[in-house]
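Heads up: the first sequence begins at 110 in this note's numbering, then just goes up one per residue. Note that beta-carbon positions come from the ideal geometry of N, C-alpha and C, so glycine has one too. Note sheet for the following structure.
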Amino acid sequence: MNWTYWKPLKLTPGFDRTSLAETLDGGQSFRWVQDPADIWIGQWSDNVVRIRFSDEGHLEWSTHAELETPDTKDHLLTYLGADTDWESLKDELPWRSDPHLRKSIEAFPSLRILRQPMEEALLGFLCSATKRIVQIKQMCRLLAETVGREIAPGYWQLPTFAEIADTDPTNLKICLLGFRAKYIQGTARFLAERPGWLAETEALPYPEAKERLMHLPGVGEKVADCVLLFGAGKLEAFPVDTWIIQTLKKRYGLDGWTNRQLAQFGRVHYGPAAGLAQQLLFSWERREKSAM
DNA sequence: AGGCAGGTGGCCA
DNA sequence: TGGCCACCTGCC
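This is the structure we're talking about:
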């Protein structure tokens, strides 16, 4: 394999190992794998990038040599949210008065929200309905290898919706999508007829963008919020999934509240960076459960 | 071995 | 609005 030399990657705040793993492989993106040497290998758009900690504990990156451009590092920094002040956002969360939030920040002190290509986030979360992360990753990998383009030996890019709209439906069948296939195909056909529709949606304020996304088949409130949070930098998006429902009911004593009420509680209690709070609590709750 | 899974859409009261 | 159910099928 032909990789560029390792180069330092400076981020503020710096990653600890746990937060890095949770950020890359905790259900925001489904395109990162960890090799036996604890090196993370990830893909988005036409990027193939590696991240590791050096022996001295410093974060380093390298890229597939055939795909390197002068902008690769900038693309990586953007993807990792380097243009966002995470320390300030974290500090603005109500952790001083909220022990659950405080514990999740202690567990994942440098967790970030990724800034993925919106189209890839949409595809990933269209796959996500009632599936575990490992299975969503499997579907994405199969979609890339079956419908996507091989951009370097052994590395396939996730298909665009235009490519999905053009592919034979039997190709989707072998990607283990189940009932999600008809949503993905429906969304692909809708978008194929409307070039620029997603980019326009990304540029809208959060409420309008969410309303628009929910016209797509297979996109309800939860998927729309995930796409806007992880694929458009809308940090006020607050995805209400089974985990956060469980957390809010159990930890905050909100048994009997409807999902709509829980969503409202989240927006009010956590504020403009509710999405960051959601991901912190999601990660914490998931780890607590797996430790039991 | 069989129930469950980062939901959505449709239908009923 | 709120609740219930079908939807596919690979994995733990």
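Own chain partners of residue i with C-beta closer than 6 Å, once the 5 adjacent residues on each side are dropped
{"i": "Ile143", "result": "A quick correction: the sequence has Gln, not Ile, at residue 143. Hits under 6 Å: Trp149."}
{"i": "Arg159", "result": "Ile148, Ile150, Ser171"}
{"i": "Cys335", "result": "Phe234, Pro348"}
Outcome for residue i when other beta-carbon atoms lying within 10 angstroms are tallied against a minimum of 16
{"i": "Pro348", "result": "buried"}
{"i": "Ile283", "result": "exposed"}
{"i": "Phe288", "result": "exposed"}
{"i": "Thr356", "result": "buried"}
{"i": "Asn156", "result": "buried"}
{"i": "Tyr379", "result": "buried"}
{"i": "Arg221", "result": "buried"}
{"i": "His167", "result": "exposed"}
{"i": "Arg126", "result": "exposed"}
Residue span of the beta strand (DSSP E) that contains residue i, given as start and end
{"i": "Thr310", "result": "Segment 306-312 is the alpha helix (DSSP H) holding Thr310; no beta strand (DSSP E) there."}
{"i": "Gln137", "result": "Looking at the DSSP string, Gln137 is not in any beta strand (DSSP E), and its letter there is neither H nor E."}
{"i": "Glu259", "result": "258-261"}
{"i": "Arg211", "result": "Not the beta strand (DSSP E): Arg211 falls in the alpha helix (DSSP H), residues 208-216."}
{"i": "Ser171", "result": "168-172"}
Through-space distance from residue j to residue i, alpha-carbon basis
{"i": "Leu338", "j": "Leu185", "result": "18 Å"}
{"i": "Ala386", "j": "Lys182", "result": "28 Å"}
{"i": "Leu371", "j": "Lys240", "result": "22 Å"}
{"i": "Lys359", "j": "Glu397", "result": "13 Å"}
{"i": "Ser128", "j": "Ser206", "result": "23 Å"}
{"i": "Arg303", "j": "Gly365", "result": "42 Å"}
{"i": "Ala261", "j": "Thr178", "result": "14 Å"}
{"i": "Pro226", "j": "Ser138", "result": "10 Å"}
{"i": "Ala253", "j": "Trp265", "result": "5 Å"}
{"i": "Lys331", "j": "Leu281", "result": "23 Å"}
{"i": "Thr121", "j": "Thr310", "result": "30 Å"}
{"i": "Gly340", "j": "Trp112", "result": "27 Å"}
{"i": "Ala271", "j": "Ala191", "result": "30 Å"}
Boundaries (first-last residue) of the alpha helix (DSSP H) holding residue i
{"i": "Phe374", "result": "368-379"}
{"i": "Arg321", "result": "315-322"}
{"i": "Arg298", "result": "289-301"}
{"i": "Val349", "result": "Counting along the chain, Val349 falls outside any alpha helix (DSSP H), and DSSP gives it neither H nor E."}
{"i": "Phe270", "result": "270-275"}
Contact set for residue i: own chain, Cβ-Cβ below 7 Å, skip 5 residues either direction
{"i": "Leu286", "result": "Cys236, Met248, Ile293"}
Original post:
With a cut-off of 8 Å, do at least 3 Cβ pairs link the region 284-303 to the region 325-334?
Top reply: yes
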